[in-house]
Amino acid sequence: GELFDYVVQKGTLTEEEAATIVRKVTSALVYMHSNNIIHRDLKPENLLLKHRPKSTLDLDVKIIDFGLSKTLEGETAQSFLGTRGYLAPEMLQRLRYSKAIDVWALGVIVFVLLCGCLPFDDDSQPLANPILVQQRFVLRFPRWANNLSASAKDLLSHLLHINPRVRYTAEQALRHPWVRGDTANKTTLLSSPGRLTPKSLRQQRQQQQRGGGGGDGKSPPSSLVVTSSVPPPRHTGPTTYSTLIPPPTSVNNNHNYDATTTRNHNNTNGNSSRAHHHHMLRTTSI
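First residue of the sequence shown: 8, per my numbering; consecutive thereafter.
Pasting the structure below:
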């Protein structure tokens, strides 16, 4: 099932438990980016559990739905796509973008996990200049999240930095003391489980769609997505590979990564769809 469904059903969540979840997702992102893969549609719905865990430490998190993913041939890409609510500022400015857009989406996911709501009111319209970006993306925390630790807020300020060159990389995020669990609050219960429902997040995106004017042909719809101008690579048959990779040299050596990705591709004149791409990425032993 979906990761956030587990959080809702669990009913309670401490920062320390949330940090464990974020650590597992971030380690998967590190693996993807080390292979020059950008996901471009990270969101809670694309985080699944392999099995129902006995505890948060037992979570086996998978990133799925690589239908919009791309292997970077250079440092940047330009296709405008994604899910409203998770789009990085540089994409809304129609600038070329890098792996940093996935880190922005990770920041939104972390904010939702900790606060139970999306961090920004609207990301539906193109942004013509940096001043509009600064005005649109001001990071504020809801009143019910006043008990968040300073370390958690520090992490979010780095993940959701409007400048992609200053924004954390996935490797930097994994090294943050909150993500490692060193500074995450171990006792204070977050209020997010009571606010985390697929319906509530969907309603927020629908409100954004109405507020942004929606059907201008330039903005992504509230769920998914604008088509890519770059067709996905074609494959003649399914490919499966499993790789055990060591932790980055600058990351705590206690971290091990086990990432398994299964790919199923069909030749469909270059069109992307969920049916044509079903990938899973797993992290364990964190």
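C-beta atoms are modelled at their ideal positions from N, C-alpha and C, and glycine is treated no differently. Owing to the predicted nature of the structure, the values given are computational and were not obtained by experimental measurement.
Local conformation of residue i per DSSP, three classes
i: Ala84; result: strand
i: Ala26; result: helix
i: Lys61; result: coil
i: Val173; result: coil
i: Tyr93; result: coil
i: His165; result: helix
i: Thr33; result: helix
i: Ala191; result: coil
i: Arg150; result: helix
i: Ser156; result: coil
i: Leu99; result: helix
i: Gln16; result: helix
i: Gln132; result: coil
i: Leu203; result: coil
i: Leu125; result: coil
Delimiting residues of the alpha helix (DSSP H) encompassing residue i
i: Val186; result: 184–187
i: Ile116; result: 107–122
i: Leu139; result: 137–143
Opening and closing residue of the beta strand (DSSP E) in which residue i lies
i: Leu49; result: Careful: Leu49 lies outside any beta strand (DSSP E) and carries neither H nor E.
Rounded separation between residue i and residue j - CA only
i: Leu75; j: Gly89; result: 8 Å
i: Phe11; j: His168; result: 24 Å
i: Ile116; j: Arg91; result: 13 Å
i: Met39; j: Thr78; result: 10 Å
i: His46; j: Asn154; result: 32 Å
i: Leu56; j: Gln141; result: 36 Å
i: Ser62; j: Ile71; result: 22 Å
i: Arg174; j: Lys50; result: 18 Å
i: Pro96; j: Leu134; result: 8 Å
i: Gly201; j: Ile108; result: 28 Å
i: Thr176; j: Val186; result: 13 Å
i: Lys160; j: Val29; result: 14 Å
i: Ala26; j: Ala191; result: 7 Å
i: Ser41; j: Glu178; result: 9 Å
i: Ala157; j: Val110; result: 20 Å
i: Arg103; j: Thr83; result: 6 Å
i: Leu197; j: Tyr13; result: 15 Å
i: Lys17; j: Ser199; result: 11 Å
i: Ser105; j: Thr19; result: 36 Å
i: Val32; j: Leu125; result: 18 Å
i: Thr195; j: Val37; result: 29 Å
i: His183; j: Asp128; result: 27 Å
i: Ala112; j: Leu94; result: 7 Å
i: Glu24; j: Leu166; result: 19 Å
i: Phe144; j: Gly188; result: 27 Å
i: Glu22; j: Leu139; result: 33 Å
i: Leu121; j: Leu163; result: 10 Å
i: Phe73; j: Glu9; result: 16 Å
i: Lys69; j: Arg150; result: 31 Å
i: Leu99; j: Asn53; result: 22 Å
i: Val15; j: His58; result: 16 Å
i: Val119; j: Pro171; result: 20 Å
Bridge partners - residue i, DSSP secondary structure assignment
i: Thr78; result: Ile44
i: Leu196; result: Thr21
i: Leu55; result: Glu9, Lys69
i: Tyr104; result: Ala84
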